[in-house]
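Residue numbers (this note's numbering): 465 to 846. The C-beta atom is built at its ideal place from N, Cα and C for all residues, glycine as well. Just so we're clear, the structure is a prediction, and the values are computed from it rather than from any experiment. Data block below; observations after.
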């Protein structure tokens, strides 16, 4: 885990912990926000992991539901049963004033069992998945907690709880595919003769990759912020002597590579966000050309002023080729958001903030200048 604070962990940390608990066959409960009416600190899909013999990991609120959720988690661990609890944070008689959330939150609390294994296997293969979980049921043969995980290879279930009926899977085919592609989450009601079901459609994506090409001192802060923001960080260096894990402790992987072979380092191109910061013009040019022409990496940030990129573009033109408009759209230079801070820490924060915004398909502007809700509202439909 990159953070010593179990409340502020990333989705990557939480998935890693889920995997380690399943490998150890440990007893734990998982709480997931499955529906929100109005405002809430976290949106549908947010999770909290509550092991039997350790502190809770993650957050589903800013802390106001910590006690009630802990009690529900203890029940789930003891009974191995799933349940959905509704918390009306607008009820002053129940919760009092000043919570900061003005909404109604539905939370699924369930045991950690082998129904999670197909999801964890997909994430280990760097593939997204959709987790379909029944959260309300009028069909006595399909209990709350029934689950099917859908990957690109089709539906998967575990042995510890039933899966969803075939007619429901067919009804949710499009919603499941959309959630897997977008990473969105929301609840859907499926009307059927055997009894209506409300299903939580949870699109789960593997952690995005942050590829840093370079081995100078400024890489350290970018690697640290990137890891803390939830990226899986790879540091790639053309200087073999600096390509050691000890040199970059915040990176998940450190590799030595020739600039023209950097495409071999990319494992999930559609989820890889690269930053070139070698401070060597020729190396950066070779890496830029390789990433743009040999991979589908959607974002390549280039450290340095605009004039530096112009030098690279002129050098490429002298070799008889040019960057296409589509390739240029993937280049960000100067890299980063405008935070007005030229310190190494400020630059690193700026770089990671832009990569995170691109990964989340966000503009990266000030929230005060936005109209409407802070987080997009998702309502998947079958």
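Residue range of the beta strand (DSSP E) that residue i falls in?
i, result
"residue 765", "763-766"
"residue 582", "Element bounds for residue 582: not the beta strand (DSSP E) but the alpha helix (DSSP H), 581-588."
"residue 569", "567-575"
"residue 621", "Looking at the DSSP string, residue 621 is not in any beta strand (DSSP E), and its letter there is neither H nor E."
"residue 514", "511-515"
"residue 717", "717-720"
Verify whether the separation of the beta carbon atoms of residue i and residue j is less than 8 Å.
i, j, result
"residue 685", "residue 808", "yes"
"residue 481", "residue 516", "no"
"residue 627", "residue 643", "no"
"residue 548", "residue 498", "yes"
"residue 819", "residue 768", "no"
"residue 582", "residue 620", "yes"
"residue 531", "residue 594", "no"
"residue 800", "residue 811", "yes"
Here's a check: name, in chain order, each residue in its chain whose Cβ is nearer than 6 Å to the Cβ of residue i, leaving out the five neighbours to either side.
i, result
"residue 560", "Reliability fails at residue 560, whose pLDDT of 44 lies under 50, so the model's placement of it is uncertain and the value that follows must be treated cautiously. There are no such residues."
"residue 659", "602, 603"
"residue 697", "674, 687, 690, 691, 715, 716"
"residue 483", "584"
Where does the unbroken alpha helix (DSSP H) through residue i begin, and where does it stop?
i, result
"residue 746", "745-758"
"residue 808", "808-823"
"residue 644", "637-646"
"residue 690", "682-692"
"residue 660", "Run containing residue 660: none; DSSP gives neither H nor E here."
List the whole-angstrom C-beta distance separating residue i from residue j, where the pair is believed to meet the contact cut-off of C-beta under 8 Å.
i, j, result
"residue 522", "residue 485", "With a Cβ gap of about 13 Å, residue 522 and residue 485 do not count as contacting."
"residue 722", "residue 702", "6 Å"
"residue 793", "residue 758", "About 17 Å; that fails the 8 Å criterion."
"residue 711", "residue 749", "With 8 Å as the limit, residue 711 and residue 749 do not qualify as a contact, their Cβ atoms being about 24 Å apart."
"residue 654", "residue 632", "5 Å"
"residue 509", "residue 640", "With a Cβ gap of about 14 Å, residue 509 and residue 640 do not count as contacting."
Output the distance between the C-alpha atoms of residue i and residue j, rounded to the nearest integer angstrom.
i, j, result
"residue 543", "residue 816", "43 Å"
"residue 473", "residue 738", "23 Å"
"residue 612", "residue 634", "12 Å"
"residue 618", "residue 579", "15 Å"
"residue 647", "residue 782", "42 Å"
"residue 670", "residue 735", "9 Å"
"residue 829", "residue 795", "19 Å"
"residue 507", "residue 496", "10 Å"
"residue 637", "residue 502", "28 Å"
Apart from the five residues on each side of it in sequence, which residues of its chain come closer than 8 Å, Cβ to Cβ, to residue i?
i, result
"residue 731", "590, 673"
Give every residue of the same chain whose Cβ lies closer than 7 Å to the Cβ of residue i, excluding the five residues on either side of it in the sequence, and list them in chain order.
i, result
"residue 493", "514, 537, 540, 541, 573, 574, 575, 576"
"residue 823", "672, 737"
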